[in-house]
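Residue numbers (the numbering used here): 4 to 313. What follows is a short report on a single structure.
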């Protein structure tokens, strides 16, 4: 027993020695590898390889990483998506260009005032018809303007206040409550970018229309009893040209935000165009009160147009 035990103990001792030797040898190999790696790392060969790897990494295009089904292994699958990337860049550039707001310009149509005599403001249409019948019989120019369901009957009109004041006492004989009214036409401002530059032309033509209205006002003041037909027809002819020019520009409006402006302006221009024909006919027949009443209707229509787009 003891011998066996001694042999067993000796066997254990020899095994321990071998393990120690293995540890020592392994440690030596490990240290050798480390020293070798350090020397290799500091060598020119390692640096050249490192530079090449870095160069390859910098030039690798976009890659797509995909997994195999159940292998648990990931592989790098290269796909050439340079075209897709280029498309994304192009789309981004276009979006950026669209997002950068252009310089917004403002086209303005000047404010202007007219003066008229208001004889009545009623809702009853039968009452309105009676008033209009009296004014027609007296050959007094008039036009009725409806605002918020209320009909305002007005007579005479001019850019000059005093010229209208001269008619006030005569009108008060028929309608004691008649009064001199100042109608202020507000500034019309149109915001636009270069894409919608036709709005600038529309504003310019509208101002030309206002100037044309003012010429007619002066004509009625200077030749009330014996109007200069040649001058009057010239004014109407020029007005027709202005209306046609505005209509051409208005037809270019092609975006939803300006539909109301476009529709109501066309309606107003159509009314002016019809009034031109009727005014010319009435003046040639020496029905001056009708022609002057049509003139008042044109000016009232402008106010209605401005009110409709606000």
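Cβ atoms here follow ideal geometry from the backbone N, Cα and C, with glycine treated the same way.
Check your understanding: Using the C-alpha atoms, what's the distance from residue 160 back to residue 293?
Key -> 13 angstroms
Exercise for review: Drop a sphere of 10 angstroms on the beta-carbon of residue 52, count the other beta-carbons inside from all chains shown, and report buried for 16 or more, exposed for fewer.
Suggested key: Confidence is the limiting factor: at residue 52 the pLDDT is only 47, short of 50, which leaves the residue's position unreliable, though a coordinate-based value still follows. Under this definition residue 52 is an exposed residue.
Practice item. Measure the CB-CB distance between residue 272 and residue 250 and report whether it falls below 7 angstroms. Key: yes
Review point. What residues are listed by DSSP as bridge partners for residue 142?
Key: Residue 142 is not bridged to any residue.
Practice item. Can you tell me the Cβ-Cβ gap for residue 183 and residue 205, rounded? I've got them flagged as a contact below 8 angstroms. Key: With a Cβ gap of about 33 angstroms, residue 183 and residue 205 do not count as contacting.
Check your understanding: Any idea if residue 97 is buried or exposed, counting beta-carbon neighbours within 10 angstroms, 16 or more meaning buried?
Key -> Here the model assigns residue 97 a pLDDT of 43, short of 50, so the residue's position is not dependable and the matter cannot be decided.
Practice item. Return yes when the Cβ of residue 131 is within less than 7 angstroms of the Cβ of residue 154, no when it is not. Key: yes
Exercise for review: Please work out which residues of its chain come closer than 8 angstroms, Cβ to Cβ, to residue 224, disregarding the five sequence neighbours upstream and downstream, and give them in chain order.
Suggested key: 161, 163 and 166
**Study point:** Given 8 angstroms, three or more beta-carbon pairs between the region 108-122 and the region 203-223
**Key:** yes
Check your understanding: Under a Cβ-count criterion, where at least 16 other Cβ atoms within 10 Å of its own Cβ denotes burial, should residue 129 be classed as buried or exposed?
Key -> exposed
Review point. Buried or exposed: residue 263, going by 16 or more other Cβ atoms within 10 Å of its Cβ?
Key: exposed
Point to revise | Length of the line joining the Cα atoms of residue 147 and residue 298 | key: 12 angstroms
Point to revise | Minimum C-alpha distance to residue 175 - residue among 157, 186 and 269 | key: 157
Review point. Roughly how many angstroms lie between the CA atoms of residue 78 and residue 256, to the nearest whole one?
Key: At residue 78 the pLDDT is 30, less than 50, meaning the model places this residue with poor confidence; the figure from the coordinates comes in the next sentence. If you take the alpha carbons of residue 78 and residue 256, they lie about 57 angstroms apart.
Review point. How many Å lie between residue 289 and residue 108 at the Cα?
Key: 46 angstroms
Review point. If you draw a straight line from the C-alpha of residue 248 to the C-alpha of residue 177, how long is it?
Key: 42 angstroms
Review point. When you compare each of 236, 118 and 180 to residue 188 by their alpha carbons, which one comes out closest?
Key: 118
Practice item. Mark residue 194 as exposed unless 16 or more other C-beta atoms lie within 10 angstroms of its C-beta, in which case mark it buried. Key: exposed
**Study point:** DSSP state of residue 150 mapped onto helix, strand, coil
**Key:** strand
Check your understanding: When the Cα of residue 240 is compared with those of 252, 122 and 275, which residue comes out closest?
Key -> 275
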